[in-house]
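Just so we're aligned, residue 77 is where the sequence shown starts under our numbering, counting upward by one. Note that beta-carbon positions come from the ideal geometry of N, C-alpha and C, so glycine has one too. None of these values were measured; they are calculated from a predicted model.
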Amino acid sequence: MPKSIPPEPSPPIVVLLGEAHDRDRNEIYSYMEAKNPDLILLEIPTELIPEPNKPLDNELKAHLEEHSIGWKFCQARAVPCLGFDMQGNDLFNTATHLPMRQEKFAKAFVEFVKLADPKFHDSLMLIFKRAECGDDLKQRNEESCDRLVEEKRRALLSAVGRFKNDRRFLRLKDQGVLELGDSAWQRRNQAMAQNICKTTQHLGGKTTVVIVGSDHRYILRSMLKNCAIQLRDPTFN
């Protein structure tokens with residue numbers, strides 16, 4: 077009799093769990109307790125690999141404090157934890173001071189819009205508020221929330237285009253942070269998607285939970301469509 081060919085393992089399951097940083101912590105832990113994943117990917121640069129029972133350097137410690145709930149679960153359940161963020165992201169941010177510059181420019185821009193066109197400002201703030209998707213982890217991981225987050229990004233880019241020739245806008249300091257921030261955002265999301273795919277696509281039949289900031293979720297869902305994985309949204313009881 078011919079030898080039977082064992083069935084090929086099913087593609088790995090990858091769940092994108094969008095979170096609001098500094099919130100959702102108890103809900104995330106409860107979710108992972110219920111799903112019991114085989115691997116957890118944290119939004120930390122890939123070169124910073126946390127190893128159980130080994131001292132943490134200051135850079136890694138800072139990241140794990142920010143993403144403490146995922147790391148806490150990995151330690152408690154002996155589940156592997158790896159990073160999937162862009163390699164060298166910390167060095168880039170340190171060299172360019174990008175996060176601090178973006179925050180400063182965003183505050184100045186919002187104040188400018190408020191003075192230049194109060195009605196437009198109010199509509200923009202409403203879009204930003206809707207994109208928070210409430211205080212519920214389940215809502216933050218629905219397609220409707222992904223659409224709102226995408227709308228927020230489009231609205232911001234549209235607002236910049238609306239006022240780009242306004243003399244008052246041109247007087248805002250550090251205009252270069254807009255182009256720098258946009259290119260860094262695209263590059264970082266592409267690196268995240270590549271790292272997720274590379275890490276998980278050979279884990280046939282296993283489940284990976286990727287804990288990622290909600291603003292990245294809609295982009296990563298699109299970028300991961302061609303990866304050999306079963307990409308799933310989280311389900312809640």
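Legend entry - 7 Å Cβ shell around F245 - same chain, five flanking residues per side excluded: Position 169 of the sequence shown, counting from 1, holds the residue named residue 245. Excluding residues within five positions, the ones whose Cβ falls inside 7 Å are F188, F239.
Inset, instruction - Starting from C157, follow its DSSP beta bridges and name the residues at the other end. - result: Residue numbering aside, residue 157 sits at position 81 when the sequence shown is read from its first letter. Beta-bridge pairing links C157 to I116.
Inset, instruction - Starting from the C-beta of A267, find all residues in its chain whose C-beta is less than 6 Å away, skip the five residues before and the five after it, and write them out in chain order. - result: Numbered from its first residue, the sequence shown carries residue 267 at position 191. Here the set comprises M162.
Inset, instruction - Could you work out which residue in F160, H197, A154 is closest to L124 when comparing CA atoms only? - result: Counting from one through the sequence shown, the residue named residue 124 turns up at place 48. For L124, the nearest C-alpha among the options comes from F160.
Inset, instruction - Return the chain-ordered list of same chain residues with a C-beta closer than 7 Å to the C-beta of R177, the five sequence neighbours on each side being excluded. - result: On the sequence shown, position 101 is the one that residue 177 refers to. Cβ within range, chain order: D250, V253.
Inset, instruction - Check whether the Cβ atoms of V288 and L296 lie closer than 8 Å to each other. - result: Within the sequence shown, the letter at position 212 stands for residue 288. Within the sequence shown, the letter at position 220 stands for residue 296. Yes, the pair counts as a contact, with Cβ atoms nearer than the cut-off.
Inset, instruction - Determine the extent of the alpha helix (DSSP H) in which Q266 is found, giving its start and end residues. - result: By 1-based counting over the sequence shown, the position of residue 266 is 190. Residues 252-276.
Inset, instruction - Starting from the Cα of N302, find the closest Cα among Q277, P310, A154, K190 and give me that residue. - result: Numbered from 1 along the sequence shown, position 226 holds the residue referred to as residue 302. Considering only alpha carbons, the answer is Q277.
Inset, instruction - Give the single residue among K183, V90, F168 whose Cα lies nearest to the Cα of K274. - result: If you number the sequence shown from 1, residue 274 lands on position 198. Closest by alpha carbon: V90.
Inset, instruction - Pull up the DSSP beta-bridge partners for I287, would you. - result: Locating residue 287 in the sequence shown gives position 211, counting from the first residue. For I287, which the question treats as bridged, DSSP gives the partners L93.
Legend entry - A231 and I203 closer than 8 Å at C-beta: Counted from its first residue, the sequence shown places residue 231 at position 155. Counted from its first residue, the sequence shown places residue 203 at position 127. A contact, by the Cβ cut-off of 8 Å.
Legend entry - Beta carbon proximity, A96 to chain B, threshold 8 Å: Absence of chain B from the displayed structure is noted, only one protein chain being present.
Inset, instruction - Just the C-alpha distance for F312 and Q270, rounded to the nearest angstrom, thanks. - result: Residue numbering aside, residue 312 sits at position 236 when the sequence shown is read from its first letter. Residue numbering aside, residue 270 sits at position 194 when the sequence shown is read from its first letter. Going from the Cα of F312 to the Cα of Q270 covers about 27 Å.
Legend entry - Inter-residue Cα distance where the pair is E142 and V236: What you label residue 142 is simply residue 66 of the sequence shown in a count that begins at 1. What you label residue 236 is simply residue 160 of the sequence shown in a count that begins at 1. Approximately 31 Å between the Cα atoms of the pair.
Inset, instruction - Using three-state DSSP, classify Q151 as helix, strand or coil. - result: Indexing the sequence shown from 1 puts residue 151 at position 75. Secondary structure of Q151 (DSSP, three-state): helix.
Inset, instruction - Go ahead and pull the three-state DSSP assignment for L307. - result: For the purposes of this step, residue 307 is taken as residue 231 along the sequence shown, with counting starting at 1. DSSP, reduced to helix, strand and coil, places L307 within a strand of the structure shown.
Legend entry - Contact belief for G281 with P113 at Cβ below 8 Å, rounded distance in angstroms: On the sequence shown, position 205 is the one that residue 281 refers to. On the sequence shown, position 37 is the one that residue 113 refers to. In fact, because the Cβ distance is near 12 Å, the residues do not count as touching under 8 Å.
Inset, instruction - Report back the beta-carbon spacing between K228 and A260 to the nearest angstrom; my notes put them in contact at under 8 Å. - result: Reading the sequence shown from its first residue, position 152 is the one you call residue 228. Reading the sequence shown from its first residue, position 184 is the one you call residue 260. About 18 Å separates the two Cβ atoms, so there is no contact after all.
Inset, instruction - Please report how far the alpha carbon of G146 lies from the alpha carbon of S86, in whole angstroms. - result: Working through the sequence shown from its first residue, we reach residue 146 at position 70. Working through the sequence shown from its first residue, we reach residue 86 at position 10. If I take the Cα positions, the gap works out to 26 Å.
Legend entry - CA-to-CA distance, A184 to R247, given in whole angstroms: Residue numbering aside, residue 247 sits at position 171 when the sequence shown is read from its first letter. Residue numbering aside, residue 184 sits at position 108 when the sequence shown is read from its first letter. In this structure, the straight-line span from the alpha carbon of R247 to that of A184 is close to 11 Å.
Inset, instruction - With DSSP as the reference, please indicate the residues paired to P121 in a beta bridge. - result: Along the sequence shown, read from residue 1 onward, the residue named residue 121 stands at position 45. BP columns for P121 point to D161.
Legend entry - Alpha-carbon to alpha-carbon, L191 and R101: Counted from its first residue, the sequence shown places residue 101 at position 25. Counted from its first residue, the sequence shown places residue 191 at position 115. So the alpha carbons of these two residues sit roughly 37 Å apart.
Inset, instruction - Measure the Cβ-Cβ separation of K148 and T283 and say whether it is below 8 Å. - result: Walking along the sequence shown from the start, residue 148 turns up at place 72. Walking along the sequence shown from the start, residue 283 turns up at place 207. Cβ distance not < 8 Å, so K148 and T283 don't count as in contact.
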